[in-house]
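Have a look at the structure below before the remarks.
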Amino acid sequence: MIQNTGEQPARRPLLAMQQVTQAYSLPRASLFAAPDSFKVLDSIDFDVCAGEAVGLVGESGAGKTTLTRILTGMERPQTGTVHFDGQDIWAGTTEQRAQFRRSVQMVLQNPRSSLDPRMRVGSALLEPLRSLRIEGDHMARVFEVLDQVGLDPSALERFPHEFSGGQLQRIAIARALMPNPKVLVADEPVSALDVSIQAQVLNLLKDLVRDLQLGLVFIAHDLSVVAYTTSRVSVIAGGKIVEVGKPVELFTRPHAAETRNLVDAVLTVESGLAGSAL
Ligand SMILES: Nc1ncnc2c1ncn2[C@@H]1O[C@H](COP(=O)(O)OP(=O)(O)O)[C@@H](O)[C@H]1O
Ligand SMILES: [Mg+2]
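Residues in the sequence shown are numbered from 987 upward in steps of one, following this note's numbering.
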């Protein structure tokens, strides 16, 4: 029998968390009770390679945002590790830490709260270059990124309130791209948008993964939008990864009860995207 070894190249994750556990302490039940704690994340493994879009899906309260905060270095896990490009993000030199902060950028759910209403779009785009001390021709970078996200340069002089939700999320994505990151972590990036414009933002993210060889971590509670955007999906429930698979496998052969619930939720909503994901 021919052994089928060595055919699949080993995965070389760019950003990876291993065995991450995070607990928050709860108020004591009484003065004499032992302090209690609540595990938000339990032994989580999660990673993304360059040029790959991976998804994380789970119901509200499952632990998705906490995972995001740990993956991006905003929060330190109690146990477990996070590596970027092979380097433990909590053990590197100051220069390695600065490089990590440029290389991993976030897109949040609501661009109206992530963009300063008093700042023109041009200044909002330049701001990360200043705060991350990135050198070079900043205006040239602004025009390059506007082109990548399909925005007209006239946007630079305008204020956030002059844009629709979909355009604003495009601006928030542009801002995240400014430091030329290698990984984008998007936490519910279309959940606040009308269904009719969600697809435009999802398509933009897919194009960026392909054109820039970006690693994308796409997080949502809706399996259909995650399936549409990514090639591998982890299902999280109660702080644990309960299933990992390709989107089509999760839809057609869900194993975990939590995955079945997410599939049922999509099928009852009858969203247009659900069909295209299959
Ligand atoms: N700083 C915190 N202190 C205590 N509990 C928290 C904290 N942050 C999140 N939680 C709890 O952790 C759980 C997971 O939250 P979160 O990661 O925001 O989930 P999701 O993004 O999937 O909705 C929730 O029960 C939430 O109330
Ligand atoms: Mg969340």
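Virtual Cβ for every residue (Gly too), placed ideally from N, Cα, C.
Can you find a heavy atom of ligand 2 that lies under 8 Å from the Cβ of Ser1046? Yes, ligand 2 has a heavy atom inside 8 Å of this Cβ.
Quick one: using the 10 Å Cβ neighbour count with 16 as the cut-off for buried, is Val1234 buried or exposed? It counts as exposed.
Following the continuous alpha helix (DSSP H) through Glu1113, name the residue where it begins and the one where it ends. Residues Val1107 to Ser1117.
Among Met1092, Thr1067 and Ala1019, which residue has its Cα nearest to the Cα of Arg1203? The question names Arg, but residue 1203 in the sequence shown is Val. Of the listed residues, the one whose Cα sits closest to Val1203 is Met1092.
Under 8 Å from any heavy atom of ligand 3, does the C-beta of Tyr1214 make it? No copy of ligand 3 appears in this structure; the ligands present are ligand 1 and ligand 2.
Under 9 Å between the Cβ atoms of Gly1151 and Asp1193? No, Cβ-Cβ distance for Gly1151 and Asp1193 is not below 9 Å.
Taking the straight line between their C-alpha atoms, what separation do you get for Asp1022 and Ala1223? C-alpha of Asp1022 to C-alpha of Ala1223: approximately 21 Å in a straight line.
How is Phe1266 classed by DSSP in three states: helix, strand or coil? Past the boundaries of the shown model lies residue 1266; the chain is included only from 987 to 1264, so the question cannot be answered.
Counted within 10 angstroms of its Cβ, other Cβ atoms place Arg1116 as buried (16 or more) or exposed: Exposed: under 16 other Cβ atoms inside 10 Å.
Considering only residues of the same chain and omitting the five flanking positions on each side of Gly1037, which have a CB-CB separation below 6 Å? Closer than 6 Å at Cβ, skipping near neighbours: Gln1199.
Residues with C-beta closer than 5 Å to any heavy atom of ligand 2, in chain order: Answer in sequence order: Lys1050 and Thr1051.
Does the distance from the CB of Gly1066 to the CB of Ser1029 come in under 9 Å? In this structure, Gly1066 places its C-beta atom within 9 Å of the C-beta atom of Ser1029.
Count the other CB atoms within 10 Å of the CB of Met1125; is the residue buried (16 or more) or exposed (fewer)? It counts as exposed.
Using C-beta distances below 6 Å, list every residue in its chain close to Glu1229, excluding the 5 sequence neighbours before and after it, in chain order. Within its own chain, the residues whose Cβ lies closer than 6 Å to the Cβ of Glu1229, once the five positions on either side in sequence are excluded, are Val1221, His1241, Ala1242 and Thr1245, listed in chain order.
Beta-carbon separation of Ser1217 and Val1040 under 9 Å? Yes. Within cutoff.
DSSP puts Ser1177 in a beta bridge; with which residues? Looking at the DSSP output, Ser1177 sits in no beta bridge, so it has no partner there.
For Ile1205 and Val1212, the rounded distance between their alpha carbons: CA-to-CA, the gap between Val1212 and Ile1205 works out to about 7 Å.
C-beta contact flag for Val1169 and Ser1109 at 9 Å: No, the pair does not count as a contact, with Cβ atoms beyond the cut-off.
Shortest alpha-carbon distance to Tyr1214 belongs to which of Val1043, Thr1079 and Gln1073? Ranking Val1043, Thr1079 and Gln1073 by Cα distance to Tyr1214 puts Val1043 first.
Can you give me the Cβ contacts of Val1068 inside the same chain, cut-off strictly under 6 Å, excluding the 5 residues immediately before and after it? Non-local C-beta neighbours of Val1068 in its own chain, meaning closer than 6 Å and more than five positions away in sequence, comprise Met1003 and Ile1075, ordered along the chain.
How big is the Cα-Cα spacing for Leu1236 and Asn1247? Cα to Cα, Leu1236 sits roughly 11 Å from Asn1247.
Helix, strand or coil for Ile988 per DSSP? Note that Ile988 scores a pLDDT of 46, beneath 50, so its modelled location is shaky; the value from the coordinates is reported in the next line. It is coil, neither helix nor strand.
Tell me whether Asp1173, by its Cβ, gets closer than 8 Å to a heavy atom of ligand 1. It does: the Cβ of Asp1173 is within 8 Å (strictly closer) of some heavy atom of ligand 1.
Does DSSP classify Met1125 as helix, strand or coil? DSSP places Met1125 within a helical segment (H, G or I) once states are collapsed to three.
Compute the minimum distance between the beta carbon of Val1026 and the heavy atoms of ligand 1, and state whether it is under 8 Å. Yes, ligand 1 has a heavy atom inside 8 Å of this Cβ.
Determine the burial state of Arg1156: buried for a count of at least 16 other Cβ atoms within 10 Å of its Cβ, exposed for fewer. Label assigned to Arg1156: buried.
Closest Cα partner of Val1252 within the set Asp1208, Phe1145, Gly1231 and Met1105: Of Asp1208, Phe1145, Gly1231 and Met1105, the residue nearest in Cα terms is Asp1208.
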